[in-house]
Structures are given as structure tokens and as C-alpha cells.
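Report on the following structure.
2 protein chains.
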Amino acid sequence: MTISEKPSSPGRTIRGGATRDGILENAAALFALKGFEGTAFKDIADEMGITRPALYHYFASKYEVLEVLIAETSESTAEEMRAVRRRDDLSPSEKLHSVTANLVRERMAAPQRFRMLDRTESALPTEIANKHLAARRAVLSELTAIIVDGIRTGQFRETDERLAALSVIGMCNWVAWWYVPGRDKSDNIPATLADSAVAMLARPKHRLPTALGPAGAIAQIRDDLDYLDRLISE
Amino acid sequence: MTISEKPSSPGRTIRGGATRDGILENAAALFALKGFEGTAFKDIADEMGITRPALYHYFASKYEVLEVLIAETSESTAEEMRAVRRRDDLSPSEKLHSVTANLVRERMAAPQRFRMLDRTESALPTEIANKHLAARRAVLSELTAIIVDGIRTGQFRETDERLAALSVIGMCNWVAWWYVPGRDKSDNIPATLADSAVAMLARPKHRLPTALGPAGAIAQIRDDLDYLDRLISE
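Protein chains in written order, with the working numbering: chain A, 14 to 247; chain B, 14 to 247.
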């Protein structure tokens, strides 16, 4: 079954005017507010203004809602990052830019989910908690691998790759804490943060004569001679 | 009264072997786990293995504990950042490095507090919530001012100063989510993240002869002449 065949594909309107994504985002907000244990399946239906049978059409239980939330946040993120890392048509900088922009876009699309996952972590059923943890580790490991590759090929500066990966992840995750859909102008946020991630890791470029052409090389020589001249005459 | 005269100065052992900082960190963990509403003053004493009267010696109520937690996390952070921003012996890069390292150190010293503040935000009494929000805004505004200054003086690249400030704050805040005292080697974390913040904002440096000295300038001239030589002989 392809994604487009799913009855519950994101954004598609279901009974009562609710969408599957709307249910997930509202459930995430409820879990965040009342805790996973403190939220009943019926509360999710009430919050959406739909009946419990209408909700059952999409989710069998609040556990399934939570499992889907985790699968769609951390698990699918790790898979997408792995796919980008394995591409051989992209440089490490391009890979870092792509995965960072993607992390930011995901958090902007569903900020409540990310905050909820953090808040409910201690109350998650063991099996779900393990899946979530494994997915978080996979995200860290994929990003670290891209950074290691960038350092190895000289595009990135020498730095602790784990701390660098955690810094990029933190910058992206925090979007879920400050981004307010509708209030913040959103067009440039993913690209701006991706640029920042690349700038954070990029090896400082030295001025190379080949990049400047013969006129540039001559201009540089003049600069250097002027400098030597000033030294002598001081 | 100076800080050293406070009966409750950080790290000082109080009755029952508990420290004021220990009480605060344990209370933060309880608030995070059970919610602020769900935590009784007595729970904090029980958790520390001290009597309620011993706890009363330092805090009048759980509200006071929470107020101190907020004052010591967000309010004092904003004040320290303001002091650094106003110094005229530091460049914008040095200010950014200093405040970033400080943010990271604070989160490493008390990770539970930062996660707790986020988790209890929706349950905070209005007055305390307003203080917390004002302090968060002050931190963002101080950091943004440092970045604006760096862009204006040409040390930092042109970028959206608010997004840049939020990126640095996110990178620092996230430390509270991944840092495990004792597990993670901690010596280099504040400096490494501060280096990353500066790298994220720094304008790419051009090779300046004055930075390299006369021998460097001569070496550069040789490079440029070699390049021109190759161009002619091609």
C-alpha cells in the first residue's frame, strides 16, 4: 500500500471535519497538558468534537496514537536522514544543509508533538519508550556520520563530532519551543537554520589565488607589498 | 548582605546533609515528574530525607522554591548576559563566546531545572509565569543585541539576528536534554559549544597580511607568483 492509498493520509479530512494530522496534533497537545496517563481516548475525541467511533476508525487506542506520533516524528526522521547520508551526489555540506532544513520543517509542522514526546517520556510504556529512544539514537548517529565524513574530506573543521551533532539537533529541536505557527514569518526559517548549521561546521576558507583569477592574484601581491612597504618605513 | 553571607549559599551543606542547591535540583526533578500541582512541600522534604521544619529553614513554601528556581535560572542568566553585553573591553565575538559558554555551564550544572521549567510552564501561577516569560525574553533580547552589534561592526555575517539568537539558545538549552552528569566527559563542552556559536555567526575571514607577519606576506606573494607562472605556461 503506498502512502497515497492510506485512508489516513496526512491532511486528508475525515468525519467531523478533523484530519488524521489534526487528531495527532491535538492528541499530542492533550498528552503534553494532562500527561499520557491522564488522557483518556474519549478526551481526544471530545477535543476534536468527533464521536469515539469516528476516532476508532483511525486509531484503536491512545497507545496506537502515541505509537504513530513517535513513528512519524523520530522513526521516519531517522530513515530520511539515512537516505540523505547514503546519497553519493551530495557533499557533506549539502547533506548537512538538507537534513537540518528537514528537521526544522518537521518541528514547524507539528511543534506540539516534539514537546509532548519530551514531556511524556517518563510515562511512556516500555516498548514505546524503547522505540523512541532507538529512533533518537539513530538520528544522532546519522547526523554524526555526516559530520565525520565532512571532517574527513576537509569540508568541515576539526571538532568533536558528537557535540557538533547534538548542537545542530538542539538548534532544530528548539524550534518546537519558540515557533508559533501564524505568528512567526516562516518562509526562511528552515534555510536560515540550515545555513547556520553549515557555517558552524565549515572549515574557514583560505583565500586561494585560483578562485580569484590572475587579476585577483596581482591585487593580492600589491596588498602584500603595500604591507611590507609599511613595515619597512615604520 | 553579600552572597557569601547567605545561610543558603549554593553548595553549602545544611541539616540532614542536604544542600540548598540539592533541594532545588531535587524539587525541580519532582516538579518535572509529578507536576507542580501534584507535588506537596512535604514530598520535597521526603525526597531529600530531611524533616519539613529543616526544609522550612530555607523555603517558606513550594511556591518559594519555584520562584527561586526561576530567579536562579532565567532571571540571573539575563542579568549576567546584560553585564557581558555592556562591557567595552570585549568584541562581539568574545561576548558571544562568553555568554554561550555560561548558558551551557548553567544547564550542565542543573539540567533538571531547565526541563522542569518547560514542563511546568502551563501549570505555573500567573505571577511566576510572567516573571519566567519576562526573563526568557530578556535572555533573547540580550543575545540578539550582541549579534546585532557583531553584524554592524562586520565581525558577524549578515543574517536574521533573531533566528541566530534562537539557534544559539536552542543549542545551549538542549544540553539539559542530553547531558548526563558523570556519563558525559564535561571539560570541553562549554568551550566547544561557544566555539560553534562563534563559528555559526563569524563572517568568513579573508587572509589578511597583517595577521601573518612579513614572512607570511612573502609566502603569499610566492603562492600568487607560482599561480601566475602556471597560468602563463599553460
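Ideal Cβ positions, reconstructed from N, Cα and C, are used throughout, including at glycine.
Rounded to the nearest angstrom, what separates GLY163/B and ARG118/A at their Cα positions?
Locating residue 163/B in the second sequence gives position 150, where the first residue counts as 1. Locating residue 118/A in the first sequence gives position 105, where the first residue counts as 1. C-alpha separation (whole angstroms): 28 Å.
Identity of the residue in LEU82/A, ASN186/A, ARG95/A, ALA230/A nearest TYR240/B by Cα:
Counting from one through the second sequence, the residue named residue 240/B turns up at place 227. Of the candidates LEU82/A, ASN186/A, ARG95/A, ALA230/A, the one whose C-alpha sits nearest the C-alpha of TYR240/B is ALA230/A.
Interface positions of the region 202-213 of chain B facing chain A (Cβ-Cβ less than 7 Å), listed along the chain
ILE202, THR205, LEU206, SER209, ALA212, MET213
Please list, in chain order, the residues of the region 225-238 of chain A that have any C-beta partner in chain B closer than 8 Å.
PRO227, ALA230, ILE231, GLN233, ILE234, ASP236, ASP237, LEU238
Does DSSP classify PHE54/B as helix, strand or coil?
As a first step, residue 54/B must be located in the second sequence, where it is residue number 41. Note: PHE54/B maps to helix in three-state DSSP.
Listing by chain order, which chain B residues have their CB less than 7 Å from the CB of MET184/A?
Within the first sequence, numbered from 1, the residue matching residue 184/A stands at position 171. Residues of chain B passing the Cβ test: SER180, GLY183, MET184.
Under the DSSP definition of a beta bridge, which residues are partnered with ALA45/B?
The sequence position of residue 45/B within the second sequence is 32, counting from 1. Bridge partners of ALA45/B: none, in fact.
Which of the three DSSP states, helix, strand or coil, is assigned to ALA177/B?
Counting from 1 along the second sequence, the entry for residue 177/B is found at position 164. Helix, per DSSP.
So is ILE245/B buried or exposed if we call it buried at 16+ other beta carbons inside 10 Å?
Your numbering for residue 245/B matches position 232 in the second sequence. ILE245/B should be labelled exposed.
Per-residue contacts from ALA177/B into chain A (C-beta, under 7 Å)
Residue mapping note: residue 177/B aligns to position 164 of the second sequence, counting from 1. The contacting residues are SER209.
Could you tell me whether the region 145-161 of chain B touches the region 95-107 of chain B, using the rule of 3 or more Cβ pairs below 8 Å?
yes
Count the other CB atoms within 10 Å of the CB of ASP208/B; is the residue buried (16 or more) or exposed (fewer)?
Numbered from its first residue, the second sequence carries residue 208/B at position 195. Buried, because 16 or more other Cβ atoms sit within 10 Å of the Cβ of ASP208/B.
Proximity below 8 Å, CB of ASP237/A to CB of GLN233/B
Numbered from its first residue, the first sequence carries residue 237/A at position 224. Numbered from its first residue, the second sequence carries residue 233/B at position 220. Result yes, Cβ atoms of ASP237/A and GLN233/B sit closer than 8 Å.
What separation, rounded to the nearest whole angstrom, lies between the Cα atoms of ARG243/B and ASP197/B?
Counted from its first residue, the second sequence places residue 243/B at position 230. Counted from its first residue, the second sequence places residue 197/B at position 184. Cα-Cα distance, rounded: 51 Å.
Which runs of the alpha helix (DSSP H) spanning at least 4 residues fall entirely within the region 183-219 of chain B, listed in chain order?
188-191, 202-214
Shorter than 8 Å from the beta carbon of THR172/B to some beta carbon of chain A?
Reading the second sequence from its first residue, position 159 is the one you call residue 172/B. With 8 Å as the cut-off, THR172/B counts as an interface residue toward chain A.
Mapping the DSSP letters down to three states, classify THR113/B as helix, strand or coil.
Counting from 1 along the second sequence, the entry for residue 113/B is found at position 100. Three-state result, THR113/B: helix.
Stretch pair the region 58-65 of chain A + the region 74-81 of chain A: three plus CB contacts closer than 8 Å:
no
Can you check whether the C-beta of LEU137/B is within less than 8 Å of a C-beta belonging to chain A?
If you number the second sequence from 1, residue 137/B lands on position 124. So no, LEU137/B is outside the interface.
Looking at C-alpha atoms only, which residue of ALA123/A, ALA53/A, ILE182/A is the closest neighbour of HIS110/A?
As a first step, residue 110/A is located in the first sequence; it is residue number 97 there, counting from the start. That would be ILE182/A, whose Cα lies nearest to the Cα of HIS110/A.
Distance CB(ILE159/B)-CB(PRO105/B) smaller than 8 Å:
Here the question's residue 159/B lines up with position 146 in the second sequence. Here the question's residue 105/B lines up with position 92 in the second sequence. Cβ distance < 8 Å, so ILE159/B and PRO105/B count as in contact.
So the candidates are SER74/A, GLY167/A, LEU116/A, ALA189/A; which of them puts its Cα closest to the Cα of SER89/A?
The count along the first sequence starts at 1 and reaches residue 89/A at position 76. Minimum Cα distance to SER89/A is reached at LEU116/A.
Answer yes or no: does any C-beta atom of chain A fall closer than 8 Å to that of TYR69/B?
Residue numbering aside, residue 69/B sits at position 56 when the second sequence is read from its first letter. Judged by the 8 Å Cβ criterion, TYR69/B is not in contact with chain A.
Hey, would you say MET213/B sits closer than 8 Å to MET213/A, going by beta carbons?
As a working mapping, residue 213/B is identified with position 200 in the second sequence. As a working mapping, residue 213/A is identified with position 200 in the first sequence. A contact, by the Cβ cut-off of 8 Å.
Could you list which residues in chain B have their beta carbon closer than 9 Å to that of LEU241/A, in chain order?
Counting from one through the first sequence, the residue named residue 241/A turns up at place 228. Within 9 Å Cβ-Cβ: PRO222, PRO227, ALA230, ILE231, ILE234.
Taking the alpha carbon of ILE298/B as the point to measure from, which residue in MET121/B, ASP56/B, ALA45/B, PHE54/B has its own alpha carbon closest?
Nothing can be reported for residue 298/B, as the shown portion of chain B is limited to 14 through 247.
Helix, strand or coil: how does DSSP classify THR32/A here?
What you label residue 32/A is simply residue 19 of the first sequence in a count that begins at 1. Note: THR32/A maps to strand in three-state DSSP.
Buried or exposed for HIS145/B, going by 16 or more other Cβ atoms inside 10 Å?
Within the second sequence, numbered from 1, the residue matching residue 145/B stands at position 132. The residue is buried, with at least 16 neighbouring Cβ atoms inside 10 Å.
Look at the alpha carbon of GLU18/A and the alpha carbon of GLU92/A, and state the distance between them as a whole number of angstroms.
The residue labelled residue 18/A in the question sits at position 5 within the first sequence. The residue labelled residue 92/A in the question sits at position 79 within the first sequence. For GLU18/A, the pLDDT reaches just 34, beneath the cut-off of 50, and the residue's location in the model is therefore unreliable, although a value from the coordinates is still provided. Approximately 21 Å, taken between the alpha carbons.
Just checking my contact of ILE36/A with ILE57/A at CB under 8 Å: how many whole Å lie between their CB atoms?
The count along the first sequence starts at 1 and reaches residue 36/A at position 23. The count along the first sequence starts at 1 and reaches residue 57/A at position 44. Rounded, the Cβ-Cβ distance is 7 Å, consistent with contact.
Going by the beta-carbon positions, is the gap between ARG33/A and TYR71/A smaller than 8 Å?
Here residue 33/A corresponds to residue number 20 of the first sequence, with the count starting at 1. Here residue 71/A corresponds to residue number 58 of the first sequence, with the count starting at 1. Yes. Within cutoff.
For VAL127/A versus THR86/A, is the C-beta spacing smaller than 8 Å?
For the purposes of this step, residue 127/A is identified with residue 114 of the first sequence, where counting begins at 1. For the purposes of this step, residue 86/A is identified with residue 73 of the first sequence, where counting begins at 1. Reading off the sequence, residue 127/A comes out as Phe, not Val. Cβ distance < 8 Å, so PHE127/A and THR86/A count as in contact.
List the endpoints of the continuous alpha helix (DSSP H) containing PRO66/B.
If you number the second sequence from 1, residue 66/B lands on position 53. Run containing PRO66/B: 65-69, per the alpha helix (DSSP H) assignment.
According to DSSP, which residues form a beta bridge with PHE169/B?
Residue 169/B sits at position 156 when you count from the first residue of the second sequence. Looking at the DSSP assignment, PHE169/B forms a beta bridge with ALA215/B.
What residues from chain B crowd round LEU244/A, counting only those whose CB sits closer than 8 Å?
Position 231 of the first sequence, counting from 1, holds the residue named residue 244/A. Result: PRO227.
Cβ distance (whole Å) where GLN168/A is taken to contact ALA210/A below 8 Å
On the first sequence, position 155 is the one that residue 168/A refers to. On the first sequence, position 197 is the one that residue 210/A refers to. Their Cβ separation, rounded to whole angstroms, is 13 Å, which puts GLN168/A and ALA210/A out of contact at 8 Å.
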